[in-house]
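Participant:
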Amino acid sequence: DMNKHIWMILALLVYSIALGQDTQKPQEQLSRSELIQKDIDDAIKKLSSNNFLESEQAKRELLNLGKSTVPSLIKTLESSKPEVKYTACELLGDIRDVSAVPALTKALLDYEEYGKSIASAAAKSLGKLGDEKVIPDLEKMLQSERSKIDVELRYEIISALGNLRAMDSKDLLKKFIEDKGATYYGKVVSFAAIEALGKIRAKDAVEDIAKLLTDKTREEWSGNTLGLAVARTLQILTSQDLGPLITDNDEKTKATLKKWSEWWDKELKKKEPPKVEQPKPENRIAEAYATMYTIHLAINKYKESKGSTPAENLSDLVTSGFLKEVPKDPWGRDFFYHQAGAGSDYVMHSYGADGKEHGSGLDADIMWTMEMKENYSKIIATKDTLKTLVDLISSYRQSKGQYPAKLEDLLGETLKTLPKDGWEKNFVYKIPGTNNTPYELISLGADGKEGGTGVDEDIKWQEKK
C-alpha cells in the first residue's frame with residue numbers, strides 16, 4: 085500500500101509539470117499582436133543596456149515597429165530609468181503619433197537627466213508632432229525658472245516653436261536673439277531663435293536680427309557664425325536672394341554676406357532722421373534746442389514705426405536704428421526724457437549749465453515744449469532763409485559796391501519775390517545795423533514782435549564791421 089501511495093504522488097507531480105508546460109505558449113503558437121508586443125517589451129528592456137550596440141539595436145527595432153510601440157513607450161515615461169525615458173521621448177517624436185502629445189506635454193516637467201533633461205527631449209519631440217495645442221505649454225515652459233538654467237530645454241523649445249510655426253510667439257522668441265547659451269553638442273540658443281523667427285515669417289524682427297549680421301560668434305555644432313544664420317533668415321523675411329549662403333569658409337558665401345551688410349547699411353540710413361543744416365548756435369541754449377530737435381525727429385520716426393513713443397528711455401532710438409547714439413546736452417549730460425506729459429506724448433528737457441532743476445540764465449531748464457515741437461522746424465527754415473538772404477546781400481555788394489538800401493533791391497532774374505520767415509512774416513532789414521554794424525537782418529519770431537524768449541525770440545544776423 086505504501087508503494088502504491090508513493091506511485092500515485094509521483095504520477096500527480098508529473099501530470100502537474102506537464103500541465104504547467106502546456107500553459108506557456110511556444111513562440112510559434114503566439115498571435116501576431118502577441119508576438120509584436122513580446123518584441124516591444126524585449127526591446128524596451130534592452131534600452132537601458134550598458135552595451136551601446138545592443139541599446140541602439142533596440143531603438144531601431146522599436147522605430148521599425150512604428151505606431152504599435154506608442155502605448156508601451158508612453159507607459160515607460162511613468163516609472164522607468166532616466167535613460168529609458170529619454171530614449172522613449174525621442175522615439176515618440178520620430179514615430180510621429182499625435183496620441184503621444186499628452187504624455188510628452190507632461191514630460192516637459194520631468195527634470196531627471198540622462199546627460200540632458202527628459203524635458204528637453206519631450207520638447208524636441210513635441211516640435212515634430214505638429215500639434216499647435218502644445219504651443220501655450222511650450223511658451224510657459226520657456227519663460228519658467230527651469231528654462232533659465234536648462235540650456236538644452238531652452239534650445240529645444242525655441243526650435244519646436246519654429247517647427248510648429250508658432251506665429252504668435254514672435255515677441256517671446258525675440259528675447260532670445262542674443263542668448264549665447266550653448267548645448268552639450270555646441271548648438272547655440274541665438275541660432276535657434278533667429279532660425280525660428282524666419283520660419284514664422286516674423287518680418288518685424290528684421291531690425292532686431294539684422295544688427296547681428298557682423299556677429300562672429302561661431303556655433304561649434306554647425307561651424308558657422310551667427311552672421312550667416314542672420315543672413316539666411318533675412319533672405320526669408322525680405323524675400324531677397326543676394327547669393328549663396330553655404331558656409332562661412334566659402335568665398336561666394338563671404339561675398340553674399342558682404343552684400344547683406346551693405347544692404348543693412350543702406351536701410352539704416354533710410355531710418356536716420358534727415359540732417360538739418362543749421363547755422364552754428366550762438367549760445368548753448370540754442371545748441372540744446374538744436375539737439376532736442378534732432379532727437380524729436382528720431383522720436384517721430386520711432387512712433388511711425390512702433391505706434392508709440394519710446395516707453396523707457398532714449399536708448400530705444402538707438403536699438404531700433406533711428407539714432408546711432410543718444411546725443412548729450414551742451415554740457416555733456418543726458419537729456420531728461422519721460423513718455424507721458426500733460427498735453428504731450430513725451431517730455432524732454434536739459435537741466436541747463438548747473439545740471440539741476442530750475443535755475444536762471446544758463447542754469448535754467450531748457451524745455452522741449454509743445455510750442456517748440458510745433459515751431460522748431462519753422463525756426464530752422466527761418467535760419468536757412470536768413471542765410472540765403474545774407475548770401476544774396478553779399479553778392480549784391482560785390483556787384484554794386486554797396487549794400488542794398490532795402491531788401492527789394494535784391495529782386496531780379498534770380499529772385500522774383502522776397503522770401504518770408506518760417507511764420508510767413510517779412511524779415512526786418514536795418515541799414516546800418518545796431519552797434520555800427522553795416523546792416524542787420526531780423527525775424528521777429530513766432531509772435532512777430534521784438535524781443536521774446538523761446539519760439540518768440542528774435543532771430544538775427546548782424547554783418548560784421
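The sequence shown begins at 85 in my numbering and counts up one residue at a time. Beta carbons: idealized from backbone N, C-alpha and C, even for Gly.
#1: How do the stretch 426-444 and the stretch 459-471 stand: do at least 3 beta-carbon pairs fall below 8 Å, yes or no?
#2: Exposed or buried, Thr-498, counting other C-beta atoms within 10 Å across all chains shown (16 or more means buried)?
#3: Check whether the stretch 267-287 and the stretch 308-315 are in contact - that is, three or more C-beta pairs closer than 8 Å.
#4: What would DSSP say about Ser-323, mapped onto helix, strand or coil?
#5: When you compare each of Pro-522, Met-225, Ala-382 to Arg-481 by their alpha carbons, which one comes out closest?
#6: Tell me which residue opens and which closes the beta strand (DSSP E) that His-442 is part of.
#7: Does DSSP put Glu-262 in a helix, in a strand, or in coil?
#8: In terms of alpha-carbon separation, which member of Tyr-386, Lys-217, Leu-248, Ser-253 lies closest to Gln-227?
#9: Tell me whether the beta-carbon of Ala-244 lies closer than 7 Å to the beta-carbon of Gly-211.
#10: Say whether the stretch 519-539 touches the stretch 502-509, bearing in mind that this needs 3 or more beta-carbon pairs closer than 8 Å, one atom from each stretch.
#11: Suppose you measure from the CA of Phe-419 to the CA of Phe-406; what does that come to, to the nearest Å?
#12: On the CB-based measure, 16 or more other CB atoms within 10 Å of its CB, does Asp-234 come out buried or exposed?
#13: Counting along the chain, where does the alpha helix (DSSP H) carrying Gln-121 start and finish?
#14: Using 10 angstroms around the beta-carbon of Arg-238, count the other beta-carbons present and answer buried if the total reaches 16, otherwise exposed.
#15: Using 8 Å for Cβ pairs, my map puts Lys-258 next to Asp-299. What's the rounded Cβ distance?
#16: Quick one: measure Cβ to Cβ for Asp-125 and Ser-156, integer angstroms, because I've assumed they're closer than 8 Å.
#17: Measure the C-alpha to C-alpha separation of Gly-199 and Gln-121 and round it to an integer number of angstroms.
#18: From the DSSP output, which residues share a beta bridge with Ser-209?
#19: Only counting the same chain, and skipping five residues up and downstream in sequence, which positions put a Cβ closer than 6 Å to that of Ile-383?
#20: My output table needs one value for Leu-525: the three-state DSSP class, helix, strand or coil.
#21: Output the distance between the C-alpha atoms of His-433 and Glu-534, rounded to the nearest integer angstrom.
#22: For Ser-478, collect the residues of the same chain with a Cβ closer than 7 Å to its Cβ; drop the 5 residues on either side in sequence, then sort them by chain order.
#23: Assuming Tyr-377 is part of the alpha helix (DSSP H), what are its boundary residues?
#24: For Val-410, does the three-state DSSP call read helix, strand or coil?
#25: Suppose you measure from the CA of Glu-262 to the CA of Arg-302; what does that come to, to the nearest Å?
#26: Name the one or two DSSP bridge partners that Met-251 has.
#27: Go ahead and label Val-539 buried or exposed: buried means 16 or more other beta carbons lie within 10 angstroms of its beta carbon, across all protein chains shown.
#28: DSSP has Lys-200 in a bridge; who is on the other side?
#29: Closest to Val-314 by CA distance: which of Glu-304, Leu-296, Pro-328 is it?
#30: DSSP has Gln-482 in a bridge; who is on the other side?
#31: Could you say which of Pro-414, Asp-349, Leu-192 lies nearest to Thr-375 if we only look at CA atoms?
#32: Going straight from the alpha carbon of Lys-390 to that of Asp-288, what length do you get?
#33: Alpha carbon to alpha carbon, how far is Leu-476 from Lys-343?
#34: Determine the DSSP secondary structure at Tyr-61, reduced to helix, strand or coil.
#35: With DSSP run on the structure shown, which of helix, strand or coil describes Ile-543?
#36: Less than 7 Å separating the beta-carbons of Tyr-170 and Ile-219?
Facilitator: On the basis of the supplied data:
#1: No: fewer than three Cβ pairs fall under 8 Å.
#2: Using a 10 angstroms sphere on the CB of Thr-498, the tally of other CB atoms stays under 16, which defines it as exposed.
#3: The way I'd put it, the stretch 267-287 does touch the stretch 308-315; three or more beta-carbon pairs between them come closer than 8 Å.
#4: Coil at Ser-323, not helix or strand.
#5: Here the closest residue by C-alpha is Pro-522.
#6: First-last for His-442: undefined, no H or E at that position.
#7: Reduced to three states, the DSSP call for Glu-262 is coil.
#8: Gln-227 has its Cα closest to that of Ser-253, out of Tyr-386, Lys-217, Leu-248, Ser-253.
#9: Yes, Cβ-Cβ distance for Ala-244 and Gly-211 is below 7 Å.
#10: Yes, since at least three Cβ pairs between the stretch 519-539 and the stretch 502-509 fall closer than 8 Å, the two stretches touch.
#11: Separation of Phe-419 and Phe-406 (C-alpha to C-alpha, rounded to the nearest whole angstrom) is 17 Å.
#12: Counting the other Cβ atoms within 10 Å of the Cβ of Asp-234 gives 16 or more, which makes it buried.
#13: Run containing Gln-121: 116-130, per the alpha helix (DSSP H) assignment.
#14: Arg-238 should be labelled buried.
#15: Under the criterion of beta carbons closer than 8 Å, Lys-258 and Asp-299 do not qualify as touching, at roughly 16 Å.
#16: The distance from the Cβ of Asp-125 to that of Ser-156 is about 7 Å, consistent with a contact at the 8 Å cut-off.
#17: One C-alpha to the other measures close to 29 Å.
#18: Bridge partners of Ser-209: none, in fact.
#19: Excluding sequence neighbours, Ile-383 sits near Thr-393.
#20: Under the three-state reduction of DSSP, Leu-525 is assigned to strand.
#21: One C-alpha to the other measures close to 26 Å.
#22: Within its own chain, no residue has a Cβ closer than 7 Å to the Cβ of Ser-478 once the five positions on either side in sequence are excluded.
#23: Following the DSSP letters along the chain, one finds Tyr-377 inside the alpha helix (DSSP H) bounded by residues 368-390.
#24: Here Val-410 sits in coil by DSSP.
#25: Distance between the alpha carbons of Glu-262 and Arg-302: 13 Å.
#26: Answer by DSSP bridge pairing: none, since Met-251 is not bridged.
#27: So Val-539 ends up on the buried side.
#28: BP columns for Lys-200 point to Tyr-198.
#29: The candidate whose alpha carbon is nearest that of Val-314 is Leu-296.
#30: DSSP lists no partner for Gln-482.
#31: Measuring from the Cα of Thr-375, the nearest candidate turns out to be Pro-414.
#32: Each residue's Cα considered, the two are about 10 Å apart.
#33: Their backbone Cα atoms lie some 45 Å apart in a straight line.
#34: Residue 61 cannot be examined here, being either before or after the span of the chain that is shown, 85 to 549.
#35: In the structure shown, Ile-543 sits in a strand (DSSP, three-state: E or B).
#36: Their beta carbons are not under 7 Å apart, which means Tyr-170 does not touch Ile-219 by this criterion.
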